[in-house]
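Notes for the one structure printed next.
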Amino acid sequence: MLRYILRRLGASVILLLVVTLMTFVIFYVVPRLAGRTTEQLATMYVGRAPTEAAIQATIKRLNLDQPLIIQFWEFIKGIVLGADYTFGNDVVHCAAPCFGYSFQTYQEVFPAILERLPITFSLGLGAAVLWLVGGVAVGVISAVKKGSIFDRISMGLALGAVSLPIFFTGQLALAFLVHDWGLFPNARYTPFTEDPIAWASGLLLPWLTLAFLHAAQYARQTRAGMLETMGEDYIRTARAKGLKESRVILKHGLRPTLTPILTIFGLDIGLVLGGAVLTEQVYSLNGIGRFAVTAIVQSDLPVILGVTLFGAFFIVLCNLAVDLLYPLVDPRVRTAR
Amino acid sequence: MNKRVMGFAALSAAAALMLTACGGDSGSSGGGSGNGAGFDKGSTEIVNPSDAKGGTLRFAISANMESTDPGNTYYGYVWNFSRYYARTLLTYAAAPGEAGTELVPDLAADMPEVSDDGTEWTVKLKEGLKYEDGTEIVAEHIKYAIARSNFGDQALPNGPKYFQQLLDEDDYDGPYGGGDPLEGFDAIETPDDYTLVFHLKEPFSDFLYVLAQPQTAPVPPEADKGEQYQTRVVSSGPYKFEDDYTPGNGLVLVRNEEWDPDSDPIRTALPDRITVEEGVDQNEIDQRLVNGELDVDLAGTGLGPAMKGKLVADEEARANIDNPTTGAHFYVNINTKVEPLDNLACRQAIQYAVGREGIQRAYGGELGGEIATQVLPPDIPGADPSYDPYDAASGKPNVEKAKEKLEECGHPDGFAVNIGVRSDRPAEVDAVEAIQQDLAQVGIEAKVKGYPSDTYTNTQAGSPDFVAENKLGLTYYGWMADWPSGYGFMSSILDGDAIKQAGNSNIAELDDPEINKLFDEVVSVEDPEEQAAIYAEIDRLTMENAAILTGVFQKSVIYRPDNLTNVFFNPSWHMYDYMTLGTTETE
Numbered sequence: 001m002l003r004y005i006l007r008r009l010g011a012s013v014i015l016l017l018v019v020t021l022m023t024f025v026i027f028y029v030v031p032r033l034a035g036r037t038t039e040q041l042a043t044m045y046v047g048r049a050p051t052e053a054a055i056q057a058t059i060k061r062l063n064l065d066q067p068l069i070i071q072f073w074e075f076i077k078g079i080v081l082g083a084d085y086t087f088g089n090d091v092v093h094c095a096a097p098c099f100g101y102s103f104q105t106y107q108e109v110f111p112a113i114l115e116r117l118p119i120t121f122s123l124g125l126g127a128a129v130l131w132l133v134g135g136v137a138v139g140v141i142s143a144v145k146k147g148s149i150f151d152r153i154s155m156g157l158a159l160g161a162v163s164l165p166i167f168f169t170g171q172l173a174l175a176f177l178v179h180d181w182g183l184f185p186n187a188r189y190t191p192f193t194e195d196p197i198a199w200a201s202g203l204l205l206p207w208l209t210l211a212f213l214h215a216a217q218y219a220r221q222t223r224a225g226m227l228e229t230m231g232e233d234y235i236r237t238a239r240a241k242g243l244k245e246s247r248v249i250l251k252h253g254l255r256p257t258l259t260p261i262l263t264i265f266g267l268d269i270g271l272v273l274g275g276a277v278l279t280e281q282v283y284s285l286n287g288i289g290r291f292a293v294t295a296i297v298q299s300d301l302p303v304i305l306g307v308t309l310f311g312a313f314f315i316v317l318c319n320l321a322v323d324l325l326y327p328l329v330d331p332r333v334r335t336a337r
Numbered sequence: 001m002n003k004r005v006m007g008f009a010a011l012s013a014a015a016a017l018m019l020t021a022c023g024g025d026s027g028s029s030g031g032g033s034g035n036g037a038g039f040d041k042g043s044t045e046i047v048n049p050s051d052a053k054g055g056t057l058r059f060a061i062s063a064n065m066e067s068t069d070p071g072n073t074y075y076g077y078v079w080n081f082s083r084y085y086a087r088t089l090l091t092y093a094a095a096p097g098e099a100g101t102e103l104v105p106d107l108a109a110d111m112p113e114v115s116d117d118g119t120e121w122t123v124k125l126k127e128g129l130k131y132e133d134g135t136e137i138v139a140e141h142i143k144y145a146i147a148r149s150n151f152g153d154q155a156l157p158n159g160p161k162y163f164q165q166l167l168d169e170d171d172y173d174g175p176y177g178g179g180d181p182l183e184g185f186d187a188i189e190t191p192d193d194y195t196l197v198f199h200l201k202e203p204f205s206d207f208l209y210v211l212a213q214p215q216t217a218p219v220p221p222e223a224d225k226g227e228q229y230q231t232r233v234v235s236s237g238p239y240k241f242e243d244d245y246t247p248g249n250g251l252v253l254v255r256n257e258e259w260d261p262d263s264d265p266i267r268t269a270l271p272d273r274i275t276v277e278e279g280v281d282q283n284e285i286d287q288r289l290v291n292g293e294l295d296v297d298l299a300g301t302g303l304g305p306a307m308k309g310k311l312v313a314d315e316e317a318r319a320n321i322d323n324p325t326t327g328a329h330f331y332v333n334i335n336t337k338v339e340p341l342d343n344l345a346c347r348q349a350i351q352y353a354v355g356r357e358g359i360q361r362a363y364g365g366e367l368g369g370e371i372a373t374q375v376l377p378p379d380i381p382g383a384d385p386s387y388d389p390y391d392a393a394s395g396k397p398n399v400e401k402a403k404e405k406l407e408e409c410g411h412p413d414g415f416a417v418n419i420g421v422r423s424d425r426p427a428e429v430d431a432v433e434a435i436q437q438d439l440a441q442v443g444i445e446a447k448v449k450g451y452p453s454d455t456y457t458n459t460q461a462g463s464p465d466f467v468a469e470n471k472l473g474l475t476y477y478g479w480m481a482d483w484p485s486g487y488g489f490m491s492s493i494l495d496g497d498a499i500k501q502a503g504n505s506n507i508a509e510l511d512d513p514e515i516n517k518l519f520d521e522v523v524s525v526e527d528p529e530e531q532a533a534i535y536a537e538i539d540r541l542t543m544e545n546a547a548i549l550t551g552v553f554q555k556s557v558i559y560r561p562d563n564l565t566n567v568f569f570n571p572s573w574h575m576y577d578y579m580t581l582g583t584t585e586t587e
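For the record, the sequence lines run as chains U and F.
Numbering follows full-length UniProt numbering, with no gaps: position 289 of the first sequence is 289.
Numbering follows full-length UniProt numbering, with no gaps: position 447 of the second sequence is 447.
Put into structure tokens, the structure is as follows:
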């Protein structure tokens, strides 16, 4: 088991390095291949009306006049060891992991991401609980009551939900549920530690919107998996042993179905924690996703780069967690190793 | 379009405002529709005059604020808004209409005095003015503020650099080298705590406008942290930061008890608190304005397309809508160097071939912009809206005349040309497509080349080398003045001496000796009427050169919630004057 964990950890680190290299290439190498000069690259990192002196200073500061390998080395070094930035007469140390410094908002990227993390986490985790519990429950009931009115309606709804993008459902919900009918308050983030009720009520609508999309997929997946398992011989055996139907369904039917669910859940939760871009945008929640959107609009490259790496980190992390959870959920994985 | 407009104010106008304020109403509550003062009322008069103090004035913006630091910003809305906590030497009168373009002393005790040769400007400060911590505002702090925003390789990057260009200063490296920050900065003298003497390289009659820029707001050197100063700007105005500002988290301003209302000609300081929410989706901002849950869209550019479409069709809602010009002219540069447009008749053929109606339609019709017949927007002195050499006002192409001109330039069957556009701006792309269709009618085959807007002005259209290599004969562009004068609007885009290798705004590469000479002369002229006549002449010569295909003077559609008081559009800021606003939501 330990070897398995170490192997997965090693693979994750390598994967992150590859992502780092790729983002570096996209932001520093590709523009050069497209014909941008060093000066033009530097103007991306200074404000709106830079002087020639400021552009030259930026080239020096970002090592844009150095060979690419040195630039990459400095980039990695910053992430691992940190870097120093000068403001006026102050020198500020950007502690590791230093993802760089935003020349649009004048903030260090990593702390700025961390500051938005609670918002994205609150949104993502709350929605994840809803969609996992809701989706799986609907899927199980649909499978057990196959062909019933419930099954038909919920699967019809699920198909609709999967096809409706968040910028559509979100806008509809805002227009009707918030502005016209006043059933929900404006989406707003209040820290959980400050006021748990305001935290939940401010995020309820974004949770529901985000969960609506994902739950549909889980419901369909669970239903399909359950239908398959419930036809297996061992289910008949379990029933023949005289087990209660609820135990047959939950313990023997649901458990194998959960393996593929866990896989998509790992990916989904990683994606959402890296920034639920559309949901945050629609509900004006200043989480990581919206941070990324603003950065893209303003061509704030260090932030785009930081968020990309951060998002990749979560996807890798969640996949790792899923890999480590497999043996617990599915005994077959344990014996196969 | 990276230049922004500035604004200013007149004592008399402010007094008038105070007077009208006494008869104010305070009856309406909340936003919603139904009580509006009338369509476009706020463009010309003060709507909802009131002197009721209290309440919270709520701003929101869809992005983050560019910076809260008055020394590090080029956006008009920050120039307007930062006056809540940063007083400048001069500012624009708080008045609607033309009176709003007048300059008045803010920190200055009087209007500056200029020497006979026009190169030495002396400004006296009001005495006894204080920062939020009770320490006194002195001349050296203003000099320091100008140093940090203009000089050295660590000069704050976002703001304009007019002081650096105009002051007679060659070897000063900025305040951030260690040691005495102002050592060697001789172009501004501070003989005592209340006097500033500016030495210019050459006479520059528009220097008063430069003195109204937010870079003249005082900064105590010990509080300066370069770009990070925006975390907590030390207030000299009626409000101060409640907490440290973090970009993206918004800003809360509370009253600054050290501010002396008697020393201030323009600020009414009615609300008790001012809040700014950042990163609110534009649709959400618009919806909240209409619902009365928000007072002002900080960016000042008006409603987004969705809400605009909904409200302009609603008779009742129109009473809450203002429709002023934004000060921006959207036009096409006709490059004077790229073949065959180096030939005057070929350029004129384009002038006649394009009907301006198509461009206007791209901006949403008459509410989105009025057809431009010349370069200068109508509210800038020197503009003559009746001057229309190519019959642009008709909106229609003149195919016959265009063909005549094509014949004259040796391309009777037309020619091929490239037209550059910022492909991420839908209105501009639509306008270019309309132009393309009109040109095709006379055989001119225009090929559209799209570029991202964040690199367009620096790297593509703004680079003469790139324009030549890619034969960008036509380039779609927009322009706003940094201050409401002909020089402020035209010098960067029409003066041959302003052509530069990167970030070039004279994209037509118009280098006409007569125009250049007029620009050199006008900076020494002090009589406003004489100045206006020269600007009119520059405009006429440009149109004769056919270097600019005029498009539209853009207009915005702004929602004016009923709970806002003292609302009016100031033509200097091209948005509501934020310094007079109050709210009826005073609890």
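For each residue, glycine too, the CB sits at the ideal point set by N, CA and C.
message: The beta strand (DSSP E) that contains H179(U), what's its start and end?
response: Element bounds for H179(U): n/a, residue is neither H nor E.
message: For K143(F) and T88(F), which I take to be in contact (beta-carbon distance under 8 Å), what is that distance rounded to the nearest angstrom?
response: About 14 Å separates the beta carbon of K143(F) from that of T88(F), a gap too long to meet the 8 Å contact definition.
- prompt: From what residue to what residue does the beta strand (DSSP E) around A109(F) run?
  reply: Secondary structure note for A109(F): it is in no beta strand (DSSP E), with a DSSP letter that is neither H nor E.
message: Taking only three categories from DSSP, how would you classify W479(F)?
response: Per DSSP, reduced to three states, the secondary structure at W479(F) is strand.
- prompt: My guess is that F291(U) and V307(U) are in contact by the Cβ rule of under 8 Å, so how many angstroms apart are they, rounded?
  reply: With a Cβ gap of about 6 Å, F291(U) and V307(U) count as contacting.
query: Where does N333(F) fall in DSSP's three states?
result: N333(F): strand per DSSP, three-state reduction.
message: To the nearest angstrom, how far is the alpha carbon of A21(F) from that of N545(F)?
response: The pLDDT assigned to A21(F) is 34, lower than 50, so where the model puts this residue is not dependable; a value taken from the coordinates is nonetheless given after this. Their backbone Cα atoms lie some 50 Å apart in a straight line.
Of the residues I285(F), R422(F), A533(F), E433(F), the one placed nearest V354(F), counting alpha carbons only: Just measuring C-alpha positions, the residue of I285(F), R422(F), A533(F), E433(F) sitting nearest V354(F) is E433(F).
field: Assigned exposure category for residue 655(F) - 16 Cβ within 10 Å defines buried
entry: Nothing about residue 655(F) can be read from this structure; chain F reaches only from 1 to 587.
query: Are any of the Cβ atoms in chain F nearer than 8 Å to that of F167(U)?
result: Not one beta carbon of chain F lies nearer than 8 Å to the beta carbon of F167(U).
field: Minimum Cβ-Cβ distance from V29(U) to chain F less than 8 Å
entry: Not an interface residue.
query: Who are the neighbours of S122(U) on chain F, taking C-beta pairs under 8 Å?
result: Around S122(U), no beta-carbon contact reaches into chain F at under 8 Å, the shortest distance being about 16 Å.
- prompt: Less than 8 Å separating the beta-carbons of L472(F) and A461(F)?
  reply: By the CB criterion at 8 Å, L472(F) and A461(F) fall inside the cutoff.
- request: Would you tell me roughly how many angstroms separate the C-alpha atoms of V277(U) and L157(U), rounded to the nearest one?
  value: Approximately 24 Å between the Cα atoms of the pair.
task: Determine the extent of the beta strand (DSSP E) in which N283(F) is found, giving its start and end residues.
output: For N283(F), no beta strand (DSSP E) encloses it; the enclosing alpha helix (DSSP H) starts and ends at 282 to 291.
field: Beta carbon proximity, D65(U) to chain F, threshold 8 Å
entry: So, not an interface residue.
message: Considering only their Cβ atoms, is the gap separating L309(U) from F27(U) smaller than 8 Å?
response: It is not a contact, given that the beta carbons lie outside the stated cut-off.
field: Segments assigned alpha helix (DSSP H), at least 4 residues, entirely inside the stretch 177 to 228 of chain F
entry: Those alpha helix (DSSP H) runs which fall completely within the stretch 177 to 228 of chain F and span 4+ residues are 207 to 210.
Residues bridged to N319(U) (per DSSP): According to DSSP, N319(U) shares a beta bridge with no other residue.
message: Am I right that A86(F) and P214(F) are in contact with their C-beta atoms under 8 Å? What's the rounded C-beta distance?
response: The pair is a contact, with the Cβ atoms about 6 Å apart (cut-off 8 Å).
query: Do we get a CB-CB distance below 8 Å when we pair R290(U) with the residues of chain F?
result: For R290(U), the nearest beta carbon of chain F is closer than 8 Å to its own beta carbon.
- prompt: Taking Cβ-Cβ distances shorter than 7 Å, what residues in chain U pair up with V280(F)?
  reply: One finds S284 in chain U with Cβ atoms closer than 7 Å to the Cβ of V280(F), taken in chain order.
- request: Say whether chain F places a C-beta atom closer than 8 Å to the C-beta of L317(U).
  value: No, L317(U) does not count as interfacial toward chain F.
message: Counting C-beta neighbours from all protein chains within 10 Å, is the total for Q501(F) 16 or more, i.e. buried, or is it exposed?
response: Classification of Q501(F): exposed, given that the 10 Å Cβ count is below 16.
field: Straight-line Cα distance separating Y476(F) from residue 348(U)
entry: No answer is possible for residue 348(U): the residues shown for chain U start at 1 and end at 337.
- prompt: Pick from F59(F), V312(F), N333(F): whose alpha carbon is nearest that of G365(F)?
  reply: Of F59(F), V312(F), N333(F), the smallest CA-CA separation from G365(F) is found for V312(F).
Cβ distance (whole Å) where Y331(F) is taken to contact K401(F) below 8 Å: No, Y331(F) and K401(F) are not in contact; Cβ-Cβ is about 20 Å, not under 8 Å.
- prompt: How do the stretch 210 to 225 of chain U and the stretch 134 to 145 of chain U stand: do at least 3 beta-carbon pairs fall below 8 Å, yes or no?
  reply: Touching, per the Cβ criterion.
message: Please give the ranges of any alpha helix (DSSP H) in the stretch 522 to 584 of chain F, keeping only runs that are unbroken, at least 4 residues long and fully inside the region.
response: Counting only runs of 4 or more residues that sit fully inside the stretch 522 to 584 of chain F, the alpha helix (DSSP H) segments are 528 to 545, in chain order.
task: Take every Cβ of the stretch 235 to 250 of chain F, pair it with every Cβ of the stretch 102 to 116 of chain U, and state whether three or more of those distances are shorter than 8 Å.
output: Touching, yes, given that three or more Cβ pairs across the two stretches are closer than 8 Å.
- request: For the beta strand (DSSP E) containing L251(F), list its first residue and its last residue.
  value: First-last of the beta strand (DSSP E) with L251(F): 251 to 255.
query: chain U beta carbons: is any one of them nearer than 8 Å to that of N291(F)?
result: Closer than 8 Å: yes.
- prompt: Of the residues V123(F), P271(F), K126(F), which one's Cα is nearest the Cα of S581(F)?
  reply: Reading off the sequence, residue 581(F) comes out as Leu, not Ser. Answer by Cα proximity: P271(F).
- request: Please report the residue range of the alpha helix (DSSP H) in which R239(U) lies.
  value: In the DSSP annotation of this structure, the continuous segment of the alpha helix (DSSP H) that includes R239(U) starts and ends at 233 to 240.
- prompt: Exposed or buried, what is G31(F) when buried is set at 16 or more other beta-carbons lying within 10 Å of its beta-carbon?
  reply: In this prediction, G31(F) has a pLDDT of 41, which is less than 50 and means its spatial position is unreliable; nothing more can be read from the coordinates.
query: Can V138(F) and F568(F) be called in contact, C-beta distance under 8 Å?
result: For the 8 Å CB-CB criterion, V138(F) and F568(F) do not form a contact.
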